[in-house]
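In what follows, a structure is listed as structure tokens, so that the remarks can point back to it.
Number of protein chains: 2
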Amino acid sequence: MKNLSKVLEEVLRKVKPSNEECNELNAVAAEVMNRIKLSVKRRELDVNVILIGSAARNTWVAGDRDIDIFIGFDPSVPRNDLEYYGIEIGKEIAGDSYIIQYAEHPYVRAKIDDFVFDVVPYYKVDAASRSISAVDRTPFHQQFVTAHLNGREDEVRLLKQFFKGIGIYGAELKIKGFSGYLCELLIINYGSFLQLLNDATNWKSRKYISLLKEKTSIEFDNPLIVVDPVDPKRNVAAAVSTESFFNFIDSAREFLSKPCVEFFFPPQTEPVCAEDLREILSKRGTKIFAFSFKMPELVEDIAYPQLEKSVKSMCKALSRAGFQPFRSDIYYNSGLVVLLLELIVWHLPPLYRHIGPPVERREHAQQFKNKYLNDPSVFSGPYIQDSRYIAEIPRKYLSAEVFIKRELKNLKLSGAVYRSMKTGCEVLCNEDILKIDNREYRVFLANYFSRAQRRCK
Amino acid sequence: MKNLSKVLEEVLRKVKPSNEECNELNAVAAEVMNRIKLSVKRRELDVNVILIGSAARNTWVAGDRDIDIFIGFDPSVPRNDLEYYGIEIGKEIAGDSYIIQYAEHPYVRAKIDDFVFDVVPYYKVDAASRSISAVDRTPFHQQFVTAHLNGREDEVRLLKQFFKGIGIYGAELKIKGFSGYLCELLIINYGSFLQLLNDATNWKSRKYISLLKEKTSIEFDNPLIVVDPVDPKRNVAAAVSTESFFNFIDSAREFLSKPCVEFFFPPQTEPVCAEDLREILSKRGTKIFAFSFKMPELVEDIAYPQLEKSVKSMCKALSRAGFQPFRSDIYYNSGLVVLLLELIVWHLPPLYRHIGPPVERREHAQQFKNKYLNDPSVFSGPYIQDSRYIAEIPRKYLSAEVFIKRELKNLKLSGAVYRSMKTGCEVLCNEDILKIDNREYRVFLANYFSRAQRRCK
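From first to last, the protein sequence lines are chains A and B.
Residue numbers for the first sequence, in my numbering: 1 to 457.
Residue numbers for the second sequence, in my numbering: 1001 to 1457.
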């Protein structure tokens, strides 16, 4: 397989940081570490300061600019103090250029010399299983990886870039993919990128991987289960969605049968233009709605599931009202949301089959009959079908667009989404969906309309 | 309740045969009985000849012209002989004016002096439970009714006419209603028409009625269960459909709250005219298809379930193809069938979501991808959703009409219906459904479009 090894060589040349890049990163990291240590000393705090994550483990991919520094507090320190000092120290080293990020607790993200530093306070617990906050586990992960990776850092880099290329790198809820730590564990388990890929071509749902000798007794209900070696109650792959899981399997098969660099570095999708969109829409013959609104105040990992739930509810409500959703998607970037809803039935005749009470329920039956027997708008009925009364009455909404606009508050949207949509939601339709003038959004549209599971021609 | 008793009196005046009518019927029946007995004697057959049914039990409704004469054979007589003699004797007394009817076995229906005689051969078994053919039970029914009715014939007449008026008299599969024998048992059980109606207002599904002291151990799965007192394994009300059952309950409630003669003698529905139909259709906004064909060769009770099954299959197939049936109905009279299908979605965009194999099934997955990755007609995909591949491909049928015409053989129609439709089926649409020029059919259409569960204004 000469071609395969050539491809991997070429990829490795791109993903392995150069000596200069390493030196630069190490120098900046060391300097920031020092500043934090001084800051800690000044405050007379009894804490650890450690470099953590891919920068520390040498598994970062060339071009990555994220560096994590953890500040370890004794578990006896109150949570408020931990948060307070974490942020104070972070701000101090950040100068002006920082933002507060929110995970389980807030921390500082600072921009220093082109690098992004996360300064995260944590509790130094005895064992990962005794973690107070999720980040407390991270130092144990680092110990484990450092002890077991045995020089296979480049394999991790290949894998990370592969996941990036096929769009499933990262455990965040917008991606639902593979985290850096998960990549490292997979390489430790399989020995190499290619051995993992070869095995993955035959994976079945609920694939179970454990680096521990004993099997855990916990049943995980995920497509991929990778037991955390430092905390066997935890599935490191819990974030991996069914789609990401199968996307990986499919991509592994495709790549091995036709190795090419494009898997790792896919060509950029061209944003859709008005002319293309017009042609696409006229071919598809569907009706496509874009609900565009702003939702800047929430953390992505909190907002994204709410957006998903809301789109699902909208589709369900449309179906119940007789319309037929075909596909939907979510654009969410820098606080701008566009919910895309494509329908194959969006307009209905005025006739609606209103299902009444069972005949057995005498009182309800009487009410129903009284109401509809004397209603001149009734088309047919009330009559009995099976065990119930039916009245054919005028349909409330003949158009999906009007239905969504007027029934917004009954669509079971999540609270934040509903409030954001109510504050100001633009509803665009068909060619007008390009009125949202945003390059990334137009790339998202192009992907929506192609979405082919193919990376090499 | 003066009004109620007045209504019943008026109805009784109409449904109770006059003395002249009784005398006429009895005279004709006696004469035909005699002719049959002579015919039997000439053939030296050892058989019983008995008058049976409502004519014999004096529970017939004025205007009824049906008389049943049964010829009882010893169970040792071979079935072929029984059928042969039954038909020969029937033909002999009928002269020219007869037809052969088919139930479990064939028999002669003869028209004599304005009366319709069914001459039915049966086996004289020891007990109803030992019946060889279904008709063998009938003489036992007659014995039971004669022994228990105790002069409540007029109550039976009221009940029969009530069922006629609300359209559920008769156990045939086109009606799925209450047979004459069932009416008699209900009156024997409840004592009177009004006591039955009062009780029926509170009936619940699986209503159980038995005239026997011991409860039967058999579980019947019908909305109404009336144990046959001469054969407790049998539910006399097995033919009563859920709709007929609830129609009765609903009608009982309505009648008792607003007694009126129209329940028994509803005004005739006016046939729909072109102008009305145009207005109705434009209001409903639906698409209505009439599939019209001839099916003269089958017995109604055999044809009707096949038509029902076929319409159900058509609706299911339409749904699967993305169209939305709203309601359907069957016109079936003298061999002419019209299947009515009303749709709220009958036209779809060219986009079709083709669900492919699970990603896990590697071989199928490969075939699917090979096929659709290189198909220029594909709109989007193949992509992965959940655990499967999806390809958005051109829809085969954009129109429900074309779908049904072209897919006729795949619609899982019953054999006889399929053959009849293939031989010559006219497909009419919207206003053209009135091209079938037939008064009864136009009455059927008028009922289809009104169907209000209300009999008195």
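Every residue gets a Cβ at the ideal spot worked out from N, C-alpha and C, and that includes glycine.
On a predicted model such as this, the values are computed, not experimentally measured, just so you know.
Terminal residues of the continuous beta strand (DSSP E) containing residue i?
i                 : result
Gly1072 (chain B) : 1066-1073
Cys1183 (chain B) : Run containing Cys1183 (chain B): none in the beta strand (DSSP E); it sits in the alpha helix (DSSP H), 1180-1190.
Tyr208 (chain A)  : 207-209
Val498 (chain A)  : Residue 498 (chain A) cannot be examined here, being either before or after the span of chain A that is shown, 1 to 457.
Leu224 (chain A)  : 224-226
Looking at the structure shown, is residue i part of a helix, part of a strand, or coil, going by DSSP?
i                 : result
Tyr1397 (chain B) : coil
Lys283 (chain A)  : helix
Pro325 (chain A)  : strand
Cys1315 (chain B) : helix
Lys1294 (chain B) : strand
Asn1150 (chain B) : coil
Gly86 (chain A)   : helix
Leu1348 (chain B) : coil
Lys457 (chain A)  : Residue placement at Lys457 (chain A) is flagged as unreliable, the pLDDT there being 48, under the threshold of 50; the coordinate-derived value follows with that caveat. Lys457 (chain A): coil per DSSP, three-state reduction.
Pro1106 (chain B) : strand
Lys164 (chain A)  : helix
Ala1239 (chain B) : coil
Arg1130 (chain B) : helix
Val1120 (chain B) : strand
Arg1137 (chain B) : helix
Asn48 (chain A)   : strand
Gln101 (chain A)  : strand
Leu1336 (chain B) : strand
Leu343 (chain A)  : strand
Arg175 (chain A)  : A quick correction: the sequence has Ile, not Arg, at residue 175 (chain A). Here Ile175 (chain A) sits in coil by DSSP.
Glu300 (chain A)  : helix
What residue range is occupied by the uninterrupted alpha helix (DSSP H) comprising residue i?
i                 : result
Asp375 (chain A)  : Here Asp375 (chain A) belongs to no alpha helix (DSSP H), and DSSP marks it neither H nor E.
Arg1035 (chain B) : 1019-1042
Phe1444 (chain B) : 1439-1450
Phe1417 (chain B) : According to the sequence displayed, residue 1417 (chain B) carries Val and not Phe. That run of the alpha helix (DSSP H) goes 1415-1423.
Asn1250 (chain B) : Residue identity check: residue 1250 (chain B) is Asp in the sequence provided, not Asn. Looking at the DSSP string, the run of the alpha helix (DSSP H) that includes Asp1250 (chain B) is 1242-1257.
Gln385 (chain A)  : Counting along the chain, Gln385 (chain A) falls outside any alpha helix (DSSP H), though it belongs to the beta strand (DSSP E) covering 380-385.
Leu961 (chain B)  : Not covered by the structure: residue 961 (chain B). The range shown for chain B is 1001 to 1457.
Ala1055 (chain B) : 1054-1057
When the distance is taken between beta carbons, is residue j closer than 8 Å to residue i?
i                 : j                 : result
Pro1139 (chain B) : Gly1086 (chain B) : no
Leu343 (chain A)  : Lys287 (chain A)  : yes
Ile1225 (chain B) : Ile1209 (chain B) : yes
Ile36 (chain A)   : Ile93 (chain A)   : yes
Ser380 (chain A)  : Arg1451 (chain B) : yes
Lys204 (chain A)  : Ser129 (chain A)  : no
Phe1220 (chain B) : Asn1235 (chain B) : yes
Phe73 (chain A)   : Val108 (chain A)  : no
Asp1375 (chain B) : Tyr1448 (chain B) : no
Glu1431 (chain B) : Ser1292 (chain B) : no
Val49 (chain A)   : Phe117 (chain A)  : no
Asn1333 (chain B) : Glu1243 (chain B) : no
Arg395 (chain A)  : Tyr352 (chain A)  : yes
Ala110 (chain A)  : Gly90 (chain A)   : yes
Leu1256 (chain B) : Pro1229 (chain B) : no
Residue i: beta carbon under 7 Å from a heavy atom of the ligand ATP?
i                : result
Val427 (chain A) : Inclusion of the ligand ATP in the displayed structure is not the case, the ligand content being empty and no account of it being possible.
Using a Cβ-Cβ distance cut-off of 8 Å, determine whether residue i contacts chain C.
i                 : result
Lys1204 (chain B) : Here the protein chains are A and B, and chain C is not one of them.
(request) Please determine if the stretch 1294-1313 of chain B and the stretch 1167-1181 of chain B are in contact, where contact requires at least 3 C-beta pairs separated by less than 8 Å. (result) yes
(message) Tell me which residues of the stretch 324-346 of chain A have at least one Cβ-Cβ distance to chain B shorter than 8 Å, keeping chain order.
(response) Gln324, Phe326, Arg327, Ile344, Val345
(message) Contact between the stretch 1356-1375 of chain B and the stretch 1403-1422 of chain B is defined here as three or more beta-carbon pairs at a separation below 8 Å; is this criterion met?
(response) no
(request) Evaluate the contact criterion for the stretch 1180-1199 of chain B versus the stretch 1144-1160 of chain B: three or more CB pairs, one atom per stretch, below 8 Å. (result) yes
(request) Indicate whether the contact test is met: 3 or more Cβ pairs, each with one atom in the stretch 1005-1023 of chain B and one in the stretch 1048-1068 of chain B, closer than 8 Å. (result) yes
(message) Between the stretch 51-59 of chain A and the stretch 71-78 of chain A, can you find at least three pairs of beta-carbon atoms closer than 8 Å?
(response) no
(request) Give the residues from the stretch 1048-1073 of chain B that approach chain A closer than 9 Å (Cβ to any Cβ), ordered along the chain. (result) none
(message) Counting only Cβ-Cβ distances shorter than 9 Å, please list the residues of the stretch 1007-1023 of chain B near chain A, keeping chain order.
(response) none
(request) Taking only beta carbons into account, state which residues of the stretch 209-222 of chain A come closer than 7 Å to chain B, listed in chain order. (result) none
(message) For the stretch 355-363 of chain A against the stretch 332-343 of chain A, do three or more pairs of beta-carbon atoms, one drawn from each stretch, fall closer than 8 Å, so that the two count as touching?
(response) no
(request) Give, in chain order, every residue of the stretch 345-360 of chain A whose Cβ lies closer than 7 Å to some Cβ of chain B. (result) Val345, Leu348, Pro349, Pro350, Leu351, Arg353, Val359, Glu360
(message) Closer than 9 Å between beta carbons: that is the criterion. Which residues of the stretch 1279-1292 of chain B meet it against chain A?
(response) Ile1280, Lys1283, Arg1284, Gly1285, Thr1286, Lys1287
(message) Under 9 Å, CB to CB, which of the residues in the stretch 373-385 of chain A have a partner in chain B?
(response) Leu373, Val378, Phe379, Ser380, Gly381, Pro382, Tyr383, Ile384, Gln385
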